[in-house]
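Below: the structure, in structure tokens.
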Amino acid sequence: MITIGIPRALLYYQYYPMWKTFFEELGVGVVISPPTTQDILSAGSLRVVADTCLPTKVFLGHVLALVEKCDYIFIPAIRSVERKVYSCSKFLGLPDMTRAVIPESPPILDIDIDINKGKRNLYQAIYKLGRHFTWDPLRVKQAGTAAWQTHLSYKQLMHDRGLTPPQAIDRISVVSSDEPTIQHNDSAAERATIAIIGHPYLLYDEYINHRLVHRLEQAGYKVLTPEMLTIEQLKAGAVRLVGQAYWAYEEEVVGAGQHYLESSTDGVIGIMTFGCAPDSLMIDMVHRQAARMETTPFMSLTLEEHSAEAGIITRLEAFLDMIQRKKRKQVEVCV
Amino acid sequence: MRIGMPHMGNMYIPFQALFQRLGIDYVIPPVNNRRTMSLGAKYSPEGLCLPFKLTLGNLIEAAEMGADTLLMPGGYGICRLGYYAKTQEQILHDLGYDVEVVQFGVSERKLLGLLDIIKHLSNNAPWFRIISAFRFGLAKLNALDKIERVVQRVRAVERIKGTANQIFTKAVRAIDRADDYDTLKKVQIDFINQLNQIDEDSHYEPLIVGITGEFYVVLEPFSSFDVESELGKLGVEVRRTTFVSEWTKFSLFLNPLGINEKDRIHKAALPYLKRYIGGDGWESVGEKVLHAKEYDGIIHLAPFTCIPEIVAQNIMPSTRENIPVLTLLCDEQMAKSGVLTRLEAFVDLLERRRRAQKINV
């Protein structure tokens, strides 16, 4: 059987269930790379110039981990997923860049996704992708529809049950109908809540964010993430803060940022990587907004491959201490 | 209403001509200097590129001089540029300046975006006045670029280094002062003659180096410590395809006919980079491929953290067309001596390469 490799990085967290369904419907096997490790990151970093952003280095590391494990690697060039909203250059350059810096990689399947060019163009791109495996347009169409359904239920699952993408991906892969609903046990009512905003590939890659979510939960905080909001909530938040959207995948930063700053969370942590083009502006917008509102504390953490764990922990502790003190003060005032 | 605008090379001259003819009050902030740079760097978010920082510095200095309407290029594209006007406006407001930053879309509407804004700024002046003012601005721009092309050639072969630059400075001033077509024409011919009469070393065959990279840092000498002049001092002839007058020419007359000045470059880049990636990344790769045979080397200028150029930089080494490329990342931390050392080393390398090629032949 032909197998397709999907690197566990960047857009994996948004689209993996969809891609997986699509390929499996076409009778193609899917392999994913293992979770990020130091070796994966170093291998990726070695291939590119130093200024390349951390997520790209991680991505290339994952591609390297897939070399000789699959027949093709799927790397779409996503230009826009919405009208007049474009994604960052790195997503567009990704297939060609991978080809240039990893010559030994299996053939790369790249398709251009550009909503601005209309529906027809999108369908053609999908068909072109499917044609590597079947000549039957109908089968590609069915696979596409099934993939889209999976994508919708994946989103639904994350939002309804408050799951993170990795949890939801696990849930979708293991088909079990009766799931224990342990989420939302509301003894958490008086626990402080921390919202973390940022791209899924930063929030859920435990290696590059030094297990941030886990640490917060260990410390007894309830963690909110952008995926727990509906698309409408994210969009509304983004519009209130920056007006009309300009970049794809930025609602999860500005939309979620604005939403959580306004709602009664106890603190918001923004996560970005050094050298990220859109985030350098977007996190800054949230930062300014937080400074103007003066209600919810905000901290931004910039990740890069040198960021030492101790540094992150120190900043996190200081931030949490401040939130605790603020809470105590509020209680005292009430008494 | 007082208009202010960020600098990019000598672009203030055509704009000055345009605004003067329309009776728009236009303040020119000081040309880029250390203060502009530190103001910009101080108030910018840390991860942003040099063009953002310098233009922010210009806007702050224009606001200090009393400008209340600041023009900033932008528009939808993929580079961050589209968001700069908005962010800079917020920063200026936070600093306490009561200004409006107006964005004119250059990426999708090209010059028409600018014309619309000018129509609005000139209190709805009749189109014929706008067009005639615009034509005069364009004439100045073309004159500047024509002279600059001659300067690029002469700098490499002049016997007394720096003569061409001195004449160029005078020419820029003369063009700025010229206020009708006749004077402009005379100035242009006069200075080109002066440049051609500079004492040249006619036996010397200069190395030819192409300059590619991001639009702003290529066109704003301050951002790269004027690499072109420095190369001239080392006896290197500089070629570049990026000129504002080229852009306006195509934007006005040829783009509507479906002719794009960059098609040739894009076609050359296709085997290595199949699609537009925003900014000037595609062009950087294309120019390397296209000019590998004509030039001795290429200097690739990019602002630090410019994603399209990083993608280009990653792809460039893998092309089959082989030519030495030196990437210079421009930011506020860059030091002149560092740049000079690297340029000298690069030129040495090119000279040795040329000698080796001659021996092989």
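So the sequences go chain by chain: A and B. 750 is the number of the first residue of the first sequence in the working numbering; add one for each residue after it. 186 is the number of the first residue of the second sequence in the working numbering; add one for each residue after it. Built from N, CA and C at the ideal position, the CB exists for glycine as well.
Going along chain B, which residues have a C-beta under 7 Å from residue i?
{"i": "Val798 (chain A)", "result": "Ile495, Gln498, Asn499"}
{"i": "Asp845 (chain A)", "result": "Tyr457, Leu458, Lys459, Ile500"}
What whole-angstrom Cβ distance do residue i and residue j have, given they're in contact under 8 Å?
{"i": "Glu413 (chain B)", "j": "Pro406 (chain B)", "result": "7 Å"}
{"i": "Met1034 (chain A)", "j": "Val991 (chain A)", "result": "6 Å"}
{"i": "Ile1020 (chain A)", "j": "Ile945 (chain A)", "result": "6 Å"}
{"i": "Lys984 (chain A)", "j": "Gly1016 (chain A)", "result": "Between Gly1016 (chain A) and Lys984 (chain A) the Cβ distance is about 24 Å, and since that is not below 8 Å, they are no contact."}
{"i": "Lys416 (chain B)", "j": "Val402 (chain B)", "result": "Residue identity check: residue 416 (chain B) is Leu in the sequence provided, not Lys. Not really, about 15 Å apart at Cβ, beyond 8 Å."}
{"i": "Ile484 (chain B)", "j": "Ile396 (chain B)", "result": "5 Å"}
{"i": "Ile1018 (chain A)", "j": "Leu803 (chain A)", "result": "Ile1018 (chain A) to Leu803 (chain A), Cβ: 17 Å. No contact."}
{"i": "Asp863 (chain A)", "j": "Lys459 (chain B)", "result": "Going by Cβ atoms, the distance from Asp863 (chain A) to Lys459 (chain B) rounds to 13 Å, so no, they are not a contact pair."}
{"i": "Leu878 (chain A)", "j": "Ile860 (chain A)", "result": "5 Å"}
{"i": "Val812 (chain A)", "j": "Ser854 (chain A)", "result": "6 Å"}
{"i": "His881 (chain A)", "j": "Leu858 (chain A)", "result": "6 Å"}
{"i": "Ser836 (chain A)", "j": "Tyr998 (chain A)", "result": "6 Å"}
In the DSSP assignment, what are the bridge partners of residue i?
{"i": "His1055 (chain A)", "result": "BP columns for His1055 (chain A) are empty, so no partner."}
{"i": "Tyr211 (chain B)", "result": "B:Ile188"}
{"i": "Tyr228 (chain B)", "result": "Its beta-bridge partners do not exist; DSSP assigns none."}
{"i": "His485 (chain B)", "result": "B:Thr397, B:Thr512"}
{"i": "Ile198 (chain B)", "result": "Answer by DSSP bridge pairing: none, since Ile198 (chain B) is not bridged."}
{"i": "Trp996 (chain A)", "result": "A:Tyr835"}
{"i": "Ser829 (chain A)", "result": "A:Asp863"}
{"i": "Gly754 (chain A)", "result": "A:Val780, A:Ile822"}
{"i": "Val421 (chain B)", "result": "B:Leu392"}
{"i": "Ile946 (chain A)", "result": "A:Gly1019"}
{"i": "Leu973 (chain A)", "result": "A:Ala944"}
{"i": "Glu385 (chain B)", "result": "B:Glu343"}
Along chain A, which residues have their Cβ under 7 Å away from the Cβ of residue i?
{"i": "Gly242 (chain B)", "result": "The premise fails here: Gly242 (chain B) is roughly 17 Å from chain A at the closest Cβ pair, so nothing lies under 7 Å."}
{"i": "Val492 (chain B)", "result": "It is Ile, not Val, that sits at residue 492 (chain B) in the sequence shown. Going along chain A in sequence order, the residues near Ile492 (chain B) (Cβ under 7 Å) are Cys837, Ser838, Lys839, Ala1026."}
Using a Cβ cut-off of 9 Å, pull out every chain A residue sitting near residue i, in sequence order please.
{"i": "Gln518 (chain B)", "result": "By Cβ distance, chain A contributes nothing, its closest Cβ being about 13 Å from Gln518 (chain B), past 9 Å."}
{"i": "Ser503 (chain B)", "result": "Arg848, Ala849, Val850, Pro852"}
Would you mind telling me which residues of chain B sit closer than 9 Å to residue i, beta carbon to beta carbon, in chain order?
{"i": "Met1048 (chain A)", "result": "The contacting residues do not exist; Met1048 (chain A) stays about 15 Å from chain B at best."}
{"i": "Tyr821 (chain A)", "result": "Those do not exist, as Tyr821 (chain A) stays about 17 Å from chain B at its closest Cβ, beyond 9 Å."}
{"i": "Ala826 (chain A)", "result": "Lys459, Arg460, Ile462"}
How would you list, in chain order, the residues of chain A whose beta-carbon sits under 8 Å from the beta-carbon of residue i?
{"i": "Gly259 (chain B)", "result": "The contacting residues do not exist; Gly259 (chain B) stays about 10 Å from chain A at best."}
{"i": "Ile198 (chain B)", "result": "Here the premise fails: no neighbours, minimum Cβ distance about 31 Å."}
{"i": "Gly267 (chain B)", "result": "Tyr995"}
{"i": "Phe489 (chain B)", "result": "Asp800"}
Is residue i near the ligand FMN, judged by its Cβ being under 8 Å from some heavy atom?
{"i": "Val830 (chain A)", "result": "Of ligands this structure carries none, so the ligand FMN is not represented either."}
Can you list the residues of chain B that residue i reaches, using a CB-CB cut of under 8 Å?
{"i": "Asp861 (chain A)", "result": "Arg460"}
{"i": "Phe1023 (chain A)", "result": "Gly232"}
Exercise. Write down every uninterrupted run of the alpha helix (DSSP H) in the segment 241–293 of chain B whose length is 4 residues or greater and which is fully enclosed by it, in chain order.
Key: As far as the segment 241–293 of chain B is concerned, its whole alpha helix (DSSP H) runs of at least 4 residues are 266–279.
Self-check item: chain A contacts made by the segment 444–467 of chain B, where a contact means CB separation under 8 Å
Solution: Of all residues in the segment 444–467 of chain B, Tyr457, Leu458, Lys459, Arg460, Tyr461, Ile462, Gly463, Gly464, Gly466 have a Cβ within less than 8 Å of some Cβ in chain A.
Exercise. May I ask you to list, following chain order, the residues of the segment 799–816 of chain A that have a beta carbon less than 8 Å from some beta carbon of chain B?
Key: Those residues of the segment 799–816 of chain A that come within reach of chain B (Cβ to Cβ, closer than 8 Å) are Asp800, Thr801, Cys802.
Quiz item: What are the start and end residues of each continuous beta strand (DSSP E) run of 3 or more residues lying completely inside the segment 1000–1066 of chain A, in chain order?
Solution: For the segment 1000–1066 of chain A, the full-length beta strand (DSSP E) segments reaching 3 residues or more read 1016–1022, 1047–1052 along the chain.
Quiz item: For the segment 268–284 of chain B, which residues have a CB atom closer than 8 Å to at least one CB atom of chain A, in sequence order?
Solution: Against chain A - using a Cβ distance shorter than 8 Å - the residues of the segment 268–284 of chain B are Tyr268, Lys271, Thr272, Gln275, Asp279.
Self-check item: Contact list for the segment 829–845 of chain A against chain B, Cβ threshold 7 Å
Solution: Of all residues in the segment 829–845 of chain A, Lys833, Tyr835, Cys837, Ser838, Lys839, Leu841, Gly842, Asp845 have a Cβ within less than 7 Å of some Cβ in chain B.
Self-check item: Residues of the segment 1027–1039 of chain A with Cβ closer than 9 Å to any Cβ of chain B, in chain order
Solution: Residues Pro1027, Asp1028, Ser1029, Leu1030, Met1031, Ile1032, Asp1033, Met1034, His1036, Arg1037.
Quiz item: Fully enclosed by the segment 290–341 of chain B, which alpha helix (DSSP H) runs are 4 residues long or longer?
Solution: Entirely contained in the segment 290–341 of chain B, the alpha helix (DSSP H) runs reaching 4 residues are, in chain order, 296–306.
Quiz item: Of the residues that make up the segment 1005–1020 of chain A, which ones have a beta carbon closer than 9 Å to any beta carbon in chain B?
Solution: Answer in chain order: no residues at all.
Quiz prompt | Residues of the segment 222–246 of chain B whose Cβ lies closer than 7 Å to any Cβ of chain A, in chain order | solution = Across the segment 222–246 of chain B, CB contacts with chain A closer than 7 Å involve Pro230, Gly232, Leu233, in sequence order along the chain.
Practice problem: Can you check the segment 791–827 of chain A for any beta strand (DSSP E) of at least 3 residues that lies completely inside it and give the ranges in chain order? | Solution: If we require 3 residues or more, the beta strand (DSSP E) runs fully inside the segment 791–827 of chain A come out as 821–823.
Exercise. Could you pull out every unbroken alpha helix (DSSP H) segment of at least 4 residues lying fully inside the segment 847–907 of chain A, listed in chain order?
Key: List check, alpha helix (DSSP H) in window: 868–879.
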